[in-house]
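In case it helps, numbering that gives the first Met the number 0 puts the sequence shown at residues 0 to 340.
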Amino acid sequence: MEPLIEEAELARAGSPTDAMTSPDTAPEKKVDTRRKSPTQIALARLRKDKVAVICASIFLFFVLIAIFAPLLAKLEGQDPTTLHQDLIDQYGYPTIAPNGEHWFGVEPRLGRDLFARFVYGARPSLIVACSVTIITTIIGVVVGLLAGFVGGWLDRILSWVIDFVLSLPYLLFAIAVPAVLLSIFVGTSENAATQDVANARFYSLIIVLSFFGWASLARLIRGEVLSLREREFVAAAKVLGVPTHKVLFKELLPNLVAPIVISVSMALPSYIVVEAGLTYLGVGLTEPTPSWGLTIYAAQAFYRADPLYLWIPVAAITILVLSLSLLGDSIRDAFDPRTRR
Numbered sequence: 000m001e002p003l004i005e006e007a008e009l010a011r012a013g014s015p016t017d018a019m020t021s022p023d024t025a026p027e028k029k030v031d032t033r034r035k036s037p038t039q040i041a042l043a044r045l046r047k048d049k050v051a052v053i054c055a056s057i058f059l060f061f062v063l064i065a066i067f068a069p070l071l072a073k074l075e076g077q078d079p080t081t082l083h084q085d086l087i088d089q090y091g092y093p094t095i096a097p098n099g100e101h102w103f104g105v106e107p108r109l110g111r112d113l114f115a116r117f118v119y120g121a122r123p124s125l126i127v128a129c130s131v132t133i134i135t136t137i138i139g140v141v142v143g144l145l146a147g148f149v150g151g152w153l154d155r156i157l158s159w160v161i162d163f164v165l166s167l168p169y170l171l172f173a174i175a176v177p178a179v180l181l182s183i184f185v186g187t188s189e190n191a192a193t194q195d196v197a198n199a200r201f202y203s204l205i206i207v208l209s210f211f212g213w214a215s216l217a218r219l220i221r222g223e224v225l226s227l228r229e230r231e232f233v234a235a236a237k238v239l240g241v242p243t244h245k246v247l248f249k250e251l252l253p254n255l256v257a258p259i260v261i262s263v264s265m266a267l268p269s270y271i272v273v274e275a276g277l278t279y280l281g282v283g284l285t286e287p288t289p290s291w292g293l294t295i296y297a298a299q300a301f302y303r304a305d306p307l308y309l310w311i312p313v314a315a316i317t318i319l320v321l322s323l324s325l326l327g328d329s330i331r332d333a334f335d336p337r338t339r340r
């Protein structure tokens, strides 16, 4: 019986071998067993992605420039509309270089401060891009959900509308719609206020881009819903008598977060480029609205004498669009379960 007693005592006190392999001083590792949703996993992957963090910081930097544009211009002591004709020679070229009073110099021909025009020019680009992205996302998601889930005659009608919108030449409409809206809301009088014309052009640009931007997202969401509506959780919700709107927005919509977020991240930089391109072609924003596209258009005749006049807005658009594009790629990789970084 003595060996049994000794074994019992060793079991209570712990054998010397166990004490050597697992000392009492070693802290116990706690395993995090909390369940995470796919969205939380994707966000965690994004936070670890250095490219995504840098690109998001750049985008936030431009957003802050647009928000605090009046404060930045006031800090410099200038505004985007004052004409400094005393700083322009008889040929329209600036007589000063960038200095403490005019950080980026002055605009050729008119003498307006370029730094103030630059910070205020970030506003219309971001406002147009963000507004159009929000509008097209809401319309595209709602139309795609209804077409894919309800089906039948509603699906056929909405699919026909989507195909019809996608078949229209948006550039022709971008040229024609502003002229129509100007004639309706401003009038054809040559004495129309310049600010009224600029406002009409601004809102017409948002309308045109929103009209043509929702259809591609609606088609994508419709295809996803067609595959999701046959799943067990949707069938169970129908059997339990859950209302249709709750099935759409509480059961299906959470499973569509990944394609929606990816679409938004890809659409935002494209709308910034489209706004600048249409403004450069003369069918977008007009004076006196400060715009990077307008600055690039006006700088064509002075790019050799005053390179900063052209390259500052070009560099801003390039950096902003490139950062948003890389951020969109990172978001797509983070939400794609087949991608491992």
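The C-beta atom is built at its ideal place from N, Cα and C for all residues, glycine as well.
Any alpha helix (DSSP H) of 4 or more consecutive residues that is wholly inside the region 40-66: 49-66
Spatial neighbours of residue 202 within its chain, please: CB distance less than 8 Å, with the 5 preceding and 5 following residues excluded, ordered by chain position. 180
Here's a check: name, in chain order, each residue in its chain whose Cβ is nearer than 6 Å to the Cβ of residue 138, leaving out the five neighbours to either side. 213
What are the start and end residues of the alpha helix (DSSP H) that includes residue 419? Not covered by the structure: residue 419. The range shown for the chain is 0 to 340.
Helix, strand or coil: which one does DSSP assign to residue 97? coil
Any non-hydrogen atom of the ligand SAM within 7 Å of residue 214 CB: Among the ligands in the structure shown, none appear at all, so the ligand SAM cannot be discussed.
Contact check, residue 105 vs residue 86, beta carbons under 8 Å: yes
By the 10 Å Cβ neighbour count, where 16 or more other Cβ atoms means buried, how is residue 244 classified, buried or exposed? exposed
Pairwise C-alpha distance: residue 79 and residue 161: 42 Å
Is there contact between the region 102-119 and the region 259-269, where contact requires at least three CB pairs shorter than 8 Å? no
Mind reading off the beta-carbon distance from residue 207 to residue 178? Whole number of angstroms is fine, and I expect it under 8 Å. Actually they are not in contact, since the Cβ atoms of residue 207 and residue 178 sit about 12 Å apart, beyond 8 Å.
Provide the residue(s) that pair with residue 196 in DSSP beta bridges, ordered along the chain. Partner(s): none; residue 196 has no beta bridge.
So, are the CB atoms of residue 341 and residue 302 less than 8 Å apart? The chain is shown from 0 up to 340; residue 341 falls before or after that span and cannot be answered.
N-terminal and C-terminal residue of the alpha helix (DSSP H) that residue 69 is part of: 68-75
Could you name the residues of the same chain whose beta carbon sits closer than 7 Å to that of residue 255, not counting the 5 residues immediately before and after it, in chain order? 220 and 223
Measuring only the C-alpha atoms, how far is residue 330 from residue 262? 10 Å
Euclidean distance between Cα positions of residue 132 and residue 88: 43 Å
Please list the terminal residues of the continuous alpha helix (DSSP H) segment that includes residue 157. 151-166
Own chain partners of residue 148 with C-beta closer than 8 Å, once the 5 adjacent residues on each side are dropped: 224, 228, 243, 246, 247 and 251
With 16 as the cutoff for other CB atoms within 10 Å, does residue 312 come out buried or exposed? buried
Let's see if you can read the secondary structure: which residues bound the alpha helix (DSSP H) around residue 280? 256-280
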